[in-house]
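FYI, the numbering for the sequence shown is 1391 to 1595, going by the working numbering.
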Amino acid sequence: MKLIVFGATGRVGLQVVRQALKAGHEVTAYVRDPKRLVFGAHPNLKVIEGDALYLGYVKQAIEGQDAVINCIGSRGTGETTLMSDVMRNIIDGMKEHGVMRIGYVASAGIHGELKGPVGFILGYMLRHVLADHRRACELLEESGLQWTVARPMQLTDGDWTGIYRQADGSVPRKGRVISRADVAHFLLTTVASDANVRKSIGLAY
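As structure tokens, this is what we get:
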């Protein structure tokens, strides 16, 4: 599979690239700062330096790919349109080049599915980020593409296990955390198949 990863230098994105190369996929890492991509040379890795907010660069990078994984997220908790602006560019690029499959890392809470006092507090603290993730997901829903949204609970730097729970439209009951490595595993196995097409999946152990 020819796969392009946006946000490839983030902590989830790095895991996606690492696991994709190990699985034998041809990977294009789209990054703003190639020095943050902590990999040596690899025959199946192509690095493109660019800003995902520039539509022309994004369209060019998507040409010839089989699937897209978008790991771009917000670095703060203030008002933002970064995720939805980038998603709009990615969707335009995919449509132009006939690429249908995309996986997107959003966050638990975008559907108001986190209940109780903790859910209320987190929903308020992260309201701007969650709102923009929600806008990005709405763009996917309207796109006609074969999308899958991953909504992980609290992310950790734990090891890959391949064993985690999924919940369509909600979050796994009593689930609290999941490693970035396992989120990457979910994304890769999903976009390489017809699983979870046009579904928003909560992830946790």
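Cβ atoms here follow ideal geometry from the backbone N, Cα and C, with glycine treated the same way.
Alpha carbon of residue i to alpha carbon of residue j, nearest angstrom
{"i": "Ile1481", "j": "Lys1412", "result": "27 angstroms"}
{"i": "Thr1580", "j": "Tyr1494", "result": "11 angstroms"}
{"i": "Val1428", "j": "Ala1582", "result": "24 angstroms"}
{"i": "Ala1594", "j": "Gly1509", "result": "15 angstroms"}
{"i": "Tyr1554", "j": "Ser1569", "result": "10 angstroms"}
{"i": "Ser1533", "j": "Val1407", "result": "25 angstroms"}
{"i": "His1415", "j": "Val1402", "result": "17 angstroms"}
{"i": "Ile1511", "j": "Ile1462", "result": "24 angstroms"}
{"i": "Ala1498", "j": "Arg1563", "result": "12 angstroms"}
{"i": "Gly1446", "j": "Ile1452", "result": "10 angstroms"}
{"i": "Asp1558", "j": "Arg1588", "result": "10 angstroms"}
{"i": "His1575", "j": "His1501", "result": "23 angstroms"}
{"i": "Trp1537", "j": "Glu1531", "result": "8 angstroms"}
{"i": "Leu1443", "j": "Gly1506", "result": "36 angstroms"}
Helix, strand or coil at residue i according to DSSP, with G and I counted as helix
{"i": "Glu1416", "result": "strand"}
{"i": "Thr1399", "result": "coil"}
{"i": "Leu1516", "result": "coil"}
{"i": "Thr1579", "result": "helix"}
{"i": "Ala1585", "result": "coil"}
{"i": "Lys1505", "result": "coil"}
{"i": "Ile1553", "result": "coil"}
{"i": "Ser1569", "result": "strand"}
{"i": "Lys1425", "result": "helix"}
Environment of residue i [buried if 16+ CB atoms lie within 10 Å]
{"i": "Gly1397", "result": "buried"}
{"i": "Val1421", "result": "buried"}
{"i": "Gln1405", "result": "buried"}
{"i": "Gly1400", "result": "buried"}
{"i": "Met1543", "result": "buried"}
{"i": "Ala1496", "result": "buried"}
Whole-number beta carbon distance between residue j and residue i, since they are thought to touch under 8 angstroms
{"i": "Gly1483", "j": "Val1448", "result": "5 angstroms"}
{"i": "Leu1535", "j": "Met1477", "result": "The Cβ separation is near 11 angstroms, so there is no contact."}
{"i": "Ser1474", "j": "Arg1525", "result": "4 angstroms"}
Inset, instruction - Please specify which runs of the beta strand (DSSP E), each continuous and at least 3 residues long, are wholly inside the region 1432-1493, giving them in chain order. - result: 1435-1439, 1457-1460
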